[in-house]
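Scroll down for the structure; my scribbles are underneath it.
There are 2 protein chains.
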Amino acid sequence: MEAASALATKALDGNRYALARLISLVEDDSGDARAALRAIYPHTGHAHIIGVTGAPGTGKSTLVNELAKALRAQTTTVGIVAVDPSSPFTGGAMLGDRVRMRDLAGDPGIFIRSMATRGSLGGLARATSDVVKLLDAVGFAVILVETVGAGQAEVDIARTAHTTIVIEAPGMGDEVQALKAGLMEIADVLVVNKADRPGAARTARALELVINLNTTRSQTGDNAWQPPIVQTIALDGTGVAEVLEATAAHRKHLITTGMWARREQVRVETELYNILQQELLGRVIAQAGEEQMQDWVARIVAREVDVYTAVGTIIGK
Amino acid sequence: MEAASALATKALDGNRYALARLISLVEDDSGDARAALRAIYPHTGHAHIIGVTGAPGTGKSTLVNELAKALRAQTTTVGIVAVDPSSPFTGGAMLGDRVRMRDLAGDPGIFIRSMATRGSLGGLARATSDVVKLLDAVGFAVILVETVGAGQAEVDIARTAHTTIVIEAPGMGDEVQALKAGLMEIADVLVVNKADRPGAARTARALELVINLNTTRSQTGDNAWQPPIVQTIALDGTGVAEVLEATAAHRKHLITTGMWARREQVRVETELYNILQQELLGRVIAQAGEEQMQDWVARIVAREVDVYTAVGTIIGK
Numbered sequence: 000m001e002a003a004s005a006l007a008t009k010a011l012d013g014n015r016y017a018l019a020r021l022i023s024l025v026e027d028d029s030g031d032a033r034a035a036l037r038a039i040y041p042h043t044g045h046a047h048i049i050g051v052t053g054a055p056g057t058g059k060s061t062l063v064n065e066l067a068k069a070l071r072a073q074t075t076t077v078g079i080v081a082v083d084p085s086s087p088f089t090g091g092a093m094l095g096d097r098v099r100m101r102d103l104a105g106d107p108g109i110f111i112r113s114m115a116t117r118g119s120l121g122g123l124a125r126a127t128s129d130v131v132k133l134l135d136a137v138g139f140a141v142i143l144v145e146t147v148g149a150g151q152a153e154v155d156i157a158r159t160a161h162t163t164i165v166i167e168a169p170g171m172g173d174e175v176q177a178l179k180a181g182l183m184e185i186a187d188v189l190v191v192n193k194a195d196r197p198g199a200a201r202t203a204r205a206l207e208l209v210i211n212l213n214t215t216r217s218q219t220g221d222n223a224w225q226p227p228i229v230q231t232i233a234l235d236g237t238g239v240a241e242v243l244e245a246t247a248a249h250r251k252h253l254i255t256t257g258m259w260a261r262r263e264q265v266r267v268e269t270e271l272y273n274i275l276q277q278e279l280l281g282r283v284i285a286q287a288g289e290e291q292m293q294d295w296v297a298r299i300v301a302r303e304v305d306v307y308t309a310v311g312t313i314i315g316k
Numbered sequence: 000m001e002a003a004s005a006l007a008t009k010a011l012d013g014n015r016y017a018l019a020r021l022i023s024l025v026e027d028d029s030g031d032a033r034a035a036l037r038a039i040y041p042h043t044g045h046a047h048i049i050g051v052t053g054a055p056g057t058g059k060s061t062l063v064n065e066l067a068k069a070l071r072a073q074t075t076t077v078g079i080v081a082v083d084p085s086s087p088f089t090g091g092a093m094l095g096d097r098v099r100m101r102d103l104a105g106d107p108g109i110f111i112r113s114m115a116t117r118g119s120l121g122g123l124a125r126a127t128s129d130v131v132k133l134l135d136a137v138g139f140a141v142i143l144v145e146t147v148g149a150g151q152a153e154v155d156i157a158r159t160a161h162t163t164i165v166i167e168a169p170g171m172g173d174e175v176q177a178l179k180a181g182l183m184e185i186a187d188v189l190v191v192n193k194a195d196r197p198g199a200a201r202t203a204r205a206l207e208l209v210i211n212l213n214t215t216r217s218q219t220g221d222n223a224w225q226p227p228i229v230q231t232i233a234l235d236g237t238g239v240a241e242v243l244e245a246t247a248a249h250r251k252h253l254i255t256t257g258m259w260a261r262r263e264q265v266r267v268e269t270e271l272y273n274i275l276q277q278e279l280l281g282r283v284i285a286q287a288g289e290e291q292m293q294d295w296v297a298r299i300v301a302r303e304v305d306v307y308t309a310v311g312t313i314i315g316k
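Protein chains in written order, with our numbering: chain W, 0 to 316; chain V, 0 to 316.
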């Protein structure tokens, strides 16, 4: 097997096969992958990372595909990372890849990767962030990170983006889903997709009302940006150009206000703390031994000791 | 202010005001709260913890209220913990409490608490788990933990339950939402609520198909349980008794197969590791100092060093 550092050199030279192999190493969190991530890291920081999130059924994947096609028409290179929390049982990620590939395959200016939930949630957020770094380093100008976005986990992943697009669709029940899921605060661009369906105007008005309230109440500089609401019909491309204009305007806003740098800092801090936690736990378990840890679990289950007392004893008061 | 240990004694004696005060301390993760949690922990382990989860718009809160009323009619005591990821802006948690209280207030056999997302996700899961322990210790026989359930985070919270109810509703778009959100694996009881709406039978059939496939493929003892599908109309109480029968049957199944103990072990292990992580990170930050940590963040942002190298240096290779 090729060493990760050799793969990194090839990937930076534009070799897509090496990139795909590296991504697999990163997903498996192999020790070798870290050497590669170290090598590529100085090349990162140039891409515009755009999170795209929304409840199932909003037409998110179709919109992401159309955004990618429109960007390619402008000769902008595009990486797509689709984070799919579907179970391995339903095999959503793999199917999604194949459907997409039919549409966008054979173009070296685009790269698509689906990532399914495996193991811990923290693991998925970390792998997603590392895959974005790889795509950034090898030169993709725009990286679209697609998440289902109905839970805090997906919100956290979307937060690593510079610009977050939140998608709504009319007729998904009585409530505006984004409101319920707490997505309004992270939305930089709001899209009402399936705008040809009844209720689209009502959904847009409901979103506008909330944005206006939000902007009035807000006192931070970040929220000086008023999220535009764009109506789209992703299936025939209507409104897709307007969404791209909105994301470009948001990027400009971030840079001129200094928010670009501030968001980068928050992202790095979160990542640093998450990785620290995982490493520290790994060491404590290695030190105490699996058997000793299972013994603590058994004692807590038996109500001989509570979890906080156990933690205090394991790592010393 | 009263000491947490004194509050714990009063709460164990049935004082609801002391219980509410303790819950607030636990939510704030005050050092004092840990002493109280230690004191009450030996009294835990008797409640049947039931997670109730489903996408927004499925009528989840209404069903939880009806389940609580039906349990009270059997003189079973009920605690409700509603985990609400709504933003503080929309104030969902507080409003929900008031609406519920109108229906269920004045009955000392019921206790309702909403918990909104604040700070980190890990913090919410931890606080939810501790609040459930308090309700368990003071003697509530059934504890209903309600989460929005569309993301991995809510799934993790639901996983602390002995029995998980997943709610669907017809007409929420073309797909079965639970499938998309990866909830099928954690479902012990499936509810198709709003069964008077068109499409309810179709939704139930779709769920049944997946369950049959799942059961056939499965090889573990856990999945020998075939999740029943119950159609309900929570608004008028239809099917609520059947849901309670299903949860009671599941509890019996868990105990006779030994799964009750196995689930408890997994829950304790997860909690132990999460708290260890949080404590270890807190110590490293305290040791290095906030300033030093911010310096690392700045160097990573400047691409002088990558995050894995930084972590290796901070905690020693």
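Cβ atoms here follow ideal geometry from the backbone N, Cα and C, with glycine treated the same way.
Exercise. In terms of residue numbering, what span does the alpha helix (DSSP H) encompassing Ser60 of chain W cover?
Worked result: Lys59 to Ala72
Exercise. Shorter than 7 Å from the beta carbon of Gln318 of chain V to some beta carbon of chain W?
Worked result: Nothing can be reported for residue 318 of chain V: it is not among the residues displayed for chain V, which extend from 0 to 316.
For this session: Look at Glu167 of chain W and Val63 of chain W and say whether their C-beta atoms are less than 7 Å apart.
Result: no
For this session: Pull up the DSSP beta-bridge partners for Ser113 of chain W, would you.
Result: W:Ala81
Exercise. How long is the line joining the alpha carbons of His47 of chain V and Arg125 of chain W, rounded to whole angstroms?
Worked result: 35 Å
Exercise. Got a sec, what are the start and stop residues for the beta strand (DSSP E) Ile274 of chain W sits in?
Worked result: Here Ile274 of chain W belongs to no beta strand (DSSP E); instead the alpha helix (DSSP H) covers Met258 to Ala287.
For this session: Return yes when the Cβ of Val137 of chain W is within less than 7 Å of the Cβ of Leu24 of chain W, no when it is not.
Result: no
Problem set entry | Endpoints, alpha helix (DSSP H) assigned at Thr308 of chain V | Val306 to Ile314
Exercise. Given a threshold of 16 other Cβ atoms within 10 Å of its Cβ, counted over all protein chains shown, does His161 of chain V qualify as buried or as exposed?
Worked result: buried
Exercise. Mind checking Gln320 of chain V: buried by the 16 CB within 10 Å criterion, or exposed?
Worked result: With chain V covering only 0 through 316, there is no way to say anything about residue 320 of chain V.
Problem set entry | Contacts that Gly44 of chain W makes with chain V (C-beta to C-beta distance below 7 Å) | Arg302
For this session: Compare the C-beta of Gln264 of chain W with all C-beta atoms of chain V and state if any pair is closer than 7 Å.
Result: yes
Problem set entry | Own chain, CB closer than 8 Å to Ile299 of chain W, minus 5 neighbours either side, in chain order | Asp305, Val306 and Ala309
Problem set entry | Test: Leu280 of chain W CB closer than 7 Å to a CB of chain V | yes
Problem set entry | Bridge partner(s) assigned by DSSP for Val137 of chain W | Answer is none; Val137 of chain W lacks a bridge partner.
Problem set entry | Inter-residue Cα distance where the pair is Leu243 of chain V and Leu66 of chain V | 7 Å
Problem set entry | Proximal residues of chain B, C-beta to C-beta of Val137 of chain V below 7 Å | Of the protein chains in the structure, W and V, none is chain B.
Exercise. Along the region 24 to 45 of chain V, what residues have a CB closer than 8 Å to any CB found in chain W?
Worked result: Arg33, Leu36, Arg37, Tyr40, Pro41, Thr43 and Gly44
For this session: Quick one: give me the first and last residue of the beta strand (DSSP E) that Leu234 of chain W is part of.
Result: Taken as a continuous stretch (DSSP letters only), Leu234 of chain W belongs to no beta strand (DSSP E), as it is neither H nor E.
Exercise. Among the residues of its own chain, which have a CB less than 7 Å from the CB of Trp224 of chain W, if the five just before and after it don't count?
Worked result: Asp187, His249 and His252
Problem set entry | Under 7 Å from the C-beta of Glu268 of chain V: neighbouring residues of chain W | Val296
Problem set entry | Contact under 7 Å by Cβ, Thr76 of chain W with Gly50 of chain W | no
Exercise. Can you pull the DSSP bridge partners for Val191 of chain V?
Worked result: V:Glu167 and V:Gln230
Exercise. Quick one: does Asp187 of chain W have its CB under 7 Å from some CB of chain V?
Worked result: no
For this session: Tell whether a beta-carbon distance below 7 Å holds between Gly58 of chain W and Asn192 of chain W.
Result: yes
Exercise. In chain order, what residues of the same chain have a beta carbon less than 7 Å from the beta carbon of Ala38 of chain V, not counting five sequence neighbours either side?
Worked result: Ser4 and Ala7
For this session: Could you tell me how far apart the beta carbons of Thr202 of chain V and Pro169 of chain V are, in whole angstroms, since I believe they sit closer than 8 Å?
Result: 5 Å
Exercise. Under a three-way DSSP split, which group does His45 of chain V fall into?
Worked result: coil
Exercise. If you draw a straight line from the alpha carbon of Glu270 of chain V to that of Leu234 of chain V, how long is it in whole angstroms?
Worked result: 36 Å
Exercise. From what residue to what residue does the alpha helix (DSSP H) around Ser23 of chain W run?
Worked result: Arg15 to Glu26
Exercise. Within the 7 Å Cβ cut-off, does His127 of chain V reach chain W?
Worked result: It should be pointed out that residue 127 of chain V corresponds to Thr in this sequence rather than to His. Output row for Thr127 of chain V: interface = no.
Exercise. Leu11 of chain W: which of W:Arg71, W:Leu134 and W:Arg262 sits nearest, CA to CA?
Worked result: W:Leu134
For this session: Run the CB neighbour count on Gln218 of chain W, radius 10 Å, all protein chains shown included, and call it buried at 16 or more, exposed below.
Result: No answer about Gln218 of chain W holds up, because its pLDDT of 45 lies below 50 and its placement is not dependable.
For this session: Kindly list, in the order they appear in chain V, the residues whose Cβ is closer than 9 Å to that of Leu271 of chain W.
Result: Met292, Trp295, Val296, Ile299, Val306, Ala309, Val310 and Ile313
Problem set entry | Local Cβ density within 10 Å of Asp173 of chain W, reported as buried at 16 or more and exposed below that | With a pLDDT of 45 at Asp173 of chain W, under the threshold of 50, the modelled position of this residue cannot be trusted, and the question is left open.
Problem set entry | C-beta atoms of Val141 of chain W and Thr52 of chain W nearer than 7 Å | no
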